[in-house]
Structures are given as C-alpha cells and as structure tokens.
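S.K.: End of the sequence shown = 225 in this note's numbering, gap-free, step of one.
All C-beta atoms in this analysis are idealised placements derived from N, C-alpha and C, irrespective of residue type, glycine included.
Pasting a structure here, questions to come.
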Amino acid sequence: MKIYFAELLGTFVLVFAGTGAIIINDVSGGSVSHVGIALTFGLVVMTMIYTLGDVSGAHLNPAVSLGFWVAGRFPIRNVLPYILSQCAGALLASTVLRLMFPQHQTLGATLPSGSLAQSFVFETILTFFLMFVIINVSVGAKEKGLMAGVAIGAMVGLEAMFAGSVSGASMNPARSLAPAVVSGNFRDLWIYIVAPLAGAYLGILGCKCVQPKDCCTKLQEQRP
C-alpha cells in the first residue's frame with residue numbers, strides 16, 4: 002500500500018501546488034505570472050520525483066502509468082490502483098483548494114483558449130514529448146536517477162511555459178479531472194483525458210523508433 006499512498010501524496014502535492022499557483026495568480030492580480038505558474042509545475046514534478054521516485058516511481062499521471070505498461074515496464078495489475086491513487090490525490094488537493102478559495106470559478110481547471118482541435122493537438126504532442134523524455138531517462142517503471150528529475154521537471158516547465166496559455170499544458174488526466182469535478186466545470190474535459198493518453202502511446206512508439214533494437218527488447222525484459 003505504500004506505493005499507492007506515495008502516488009496519492011505525490012499527485013496531491015502536484016495539483017495543490019500547480020493549480021494553487023493558478024488560483025493565487027488569479028486572486029492576487031497576476032503576482033505569480035504565467036512564467037511562475039510554469040516553473041511551479043516543473044519544480045514540483047522534479048521534487049516529487051526525487052522524493053518518491055524510489056518508492057512508487059513518481060508517475061503522478063495516469064498517462065505515464067499507462068505508457069509504462071505499453072512499454073512493458075509496468076504490470077497491468079498495478080495500472081488501475083495507480084490511476085485511482087493519482088485521481089484520489091488530485092481530487093483531495095482540489096477539494097482543499099475549494100475550501101480555501103470558495104469563490105474561485107475553475108480552481109485552475111485546464112480550458113482551451115482557442116479551438117478544440119488546436120488544444121487537442123497541443124496536448125497530444127506535449128504528452129508525446131513528455132513521455133518520450135520519461136521513458137528514456139527512467140529506470141524500469143521508475144522515474145529516478147541523478148538527472149531524471151531535472152530532465153522531466155524541465156520538460157514539464159518548458160511545455161507549460163510555451164503552451165500553457167493556449168491549451169493549459171495539462172499532459173495529465175488526473176490534474177485536469179480534479180479541478181473540473183470539484184468546480185463543476187466539465188467543458189471540453191474530454192480533450193485532457195483522451196489527448197494525453199494518445200500522446201503517451203506515441204511517446205513509447207517514438208522511443209522504439211530511435212533507440213537500438215536491444216533497448217526495445219530490454220523494455221519487455223524489464224516487465225515485473
């Protein structure tokens with residue numbers, strides 16, 4: 002149960018800090034700024050990887066857990082418990098934020114600023130980039146190692162910085178689901194569930210296209 006609690010706690014920290022930064026930026030008249038929000042997401046992902054990577058792998062994201070399973074690095078019996086733990090942590094974080102900021106309308110929910118197609122393509126490609134980095138710097142199904150946290154956190158922060166104002170740069174179904182459920186704002190939520198899953202799958206395919214053949218074989222051999 003420790004690994005599931007680690008995923009719950011890690012996702013709680015991610016959503017509380019990340020969407021909390023969005024909320025505080027709104028209520029304070031922009032004191033955090035778009036760059037500050039992007040850095041918050043990147044830094045919290047990095048710190049959670051170094052904190053929990055050796056425990057649960059610090060997936061913190063249903064798309065990442067499913068991506069590791071597609072790669073053959075993660076047993077299917079753990080996929081659903083991981084996803085439920087991540088969603089529970091995210092929902093708990095959004096509930097706490099609702100109690101703290103009861104007047105906020107969206108609680109940091111991800112909403113397209115342009116067309117739906119534009120945001121869908123953005124979220125798919127962004128998650129492709131993220132999963133491509135994760136699968137190449139991780140060990141087995143765990144995001145750990147000297148530079149893994151830096152690489153993954155930097156990618157999250159970079160993507161949030163340049164794409165956050167268009168699609169929200171979620172790349173994470175749990176991160177988008179929680180504020181949507183707690184705030185009751187389900188507009189275009191399907192984009193932030195379907196696109197990250199598609200992007201994670203493409204990220205695994207991208208890894209297999211650029212890595213040596215024996216590396217692809219090793220992915221299967223690392224299945225627990």
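Is residue 176 buried or exposed, if buried means 16 or more other CB atoms sit within 10 Å of its CB?
M.R.: For the purposes of this step, residue 176 is identified with residue 175 of the sequence shown, where counting begins at 1. So residue 176 counts as buried.
S.K.: Just checking my contact of residue 72 with residue 153 at CB under 8 Å: how many whole Å lie between their CB atoms?
M.R.: Here residue 72 is taken as the residue at index 71 of the sequence shown, counted from 1. Here residue 153 is taken as the residue at index 152 of the sequence shown, counted from 1. The pair is not a contact, with the Cβ atoms about 15 Å apart (cut-off 8 Å).
S.K.: Please list the segments of the alpha helix (DSSP H) lying wholly inside the stretch 136 to 164, counting only runs of 4 or more residues, in order along the chain.
M.R.: none
S.K.: If distances are taken between C-alpha atoms only, which option among 75, 7, 130 comes closest to residue 88?
M.R.: What you label residue 88 is simply residue 87 of the sequence shown in a count that begins at 1. For the residues 75, 7, 130, the minimum Cα distance to residue 88 belongs to 7.
S.K.: Within a Cβ cutoff of 8 Å, which residues of the same chain sit near residue 107, ignoring the five residues on either side of it in sequence?
M.R.: For this step, residue 107 is matched to residue 106 along the sequence shown. Excluding positions up to five away in sequence, the list reads 180, 184, 186.
S.K.: Going by C-alpha to C-alpha distance, which of 54, 207, 139, 197 sits closest to residue 3?
M.R.: By one-based count along the sequence shown, residue 3 stands at place 2. With distances taken between Cα atoms, residue 3 lies closest to 54.
S.K.: Expressed to the nearest angstrom, what Euclidean distance is found between the alpha-carbon atoms of residue 9 and residue 132?
M.R.: In the sequence shown, counting from the first residue as 1, residue 9 sits at position 8. In the sequence shown, counting from the first residue as 1, residue 132 sits at position 131. Here the C-alpha atom of residue 9 lies approximately 20 Å from the C-alpha atom of residue 132.
S.K.: Tell me which residues share the same chain as residue 160 and place their Cβ nearer than 6 Å to its Cβ, disregarding the 5 neighbours each side in the sequence.
M.R.: As a position in the sequence shown, residue 160 is number 159, starting the count at 1. Counting only Cβ-Cβ distances below 6 Å, and skipping sequence neighbours, we find 127, 170.
S.K.: Are the beta-carbon atoms of residue 148 and residue 39 separated by less than 7 Å?
M.R.: Translated into the one-based positions of the sequence shown, residue 148 becomes position 147. Translated into the one-based positions of the sequence shown, residue 39 becomes position 38. No. Outside cutoff.
S.K.: What whole-angstrom Cβ distance do residue 124 and residue 193 have, given they're in contact under 8 Å?
M.R.: On the sequence shown, position 123 is the one that residue 124 refers to. On the sequence shown, position 192 is the one that residue 193 refers to. About 6 Å; that satisfies the 8 Å criterion.
S.K.: Find the nearest neighbour of residue 112 within the set 48, 49, 174, judged by alpha-carbon distance.
M.R.: One-based indexing of the sequence shown puts residue 112 at position 111. For the options 48, 49, 174, the alpha carbon positioned closest to that of residue 112 is the one of 174.
S.K.: Closest by CA to residue 98, which one among 13, 49, 60, 203?
M.R.: Your numbering for residue 98 matches position 97 in the sequence shown. It is 13 whose Cα lies nearest to the Cα of residue 98.
S.K.: For a quick check, are the C-beta atoms of residue 15 and residue 44 less than 7 Å apart?
M.R.: If you number the sequence shown from 1, residue 15 lands on position 14. If you number the sequence shown from 1, residue 44 lands on position 43. In this structure, residue 44 does not lie closer than 7 Å to residue 15 by Cβ.
S.K.: For residue 150 versus residue 51, is the C-beta distance shorter than 7 Å?
M.R.: Here residue 150 refers to the residue found at position 149 when the sequence shown is read from its first residue. Here residue 51 refers to the residue found at position 50 when the sequence shown is read from its first residue. Yes, the Cβ-Cβ distance between residue 150 and residue 51 is below 7 Å.
S.K.: Shortest alpha-carbon distance to residue 199 belongs to which of 68, 35, 42?
M.R.: Walking along the sequence shown from the start, residue 199 turns up at place 198. Considering only alpha carbons, the answer is 68.
S.K.: Please tell me whether residue 23 and residue 109 are closer than 7 Å, where the distance is taken between their beta carbons.
M.R.: In the sequence shown, the residue the question calls residue 23 occupies position 22. In the sequence shown, the residue the question calls residue 109 occupies position 108. The answer is yes: Cβ separation under 7 Å.
S.K.: Just verifying my parser: in three-state terms, what is the DSSP assignment at residue 191?
M.R.: Start at 1 with the first residue of the sequence shown, and residue 191 comes out as number 190. Three-state result, residue 191: coil.
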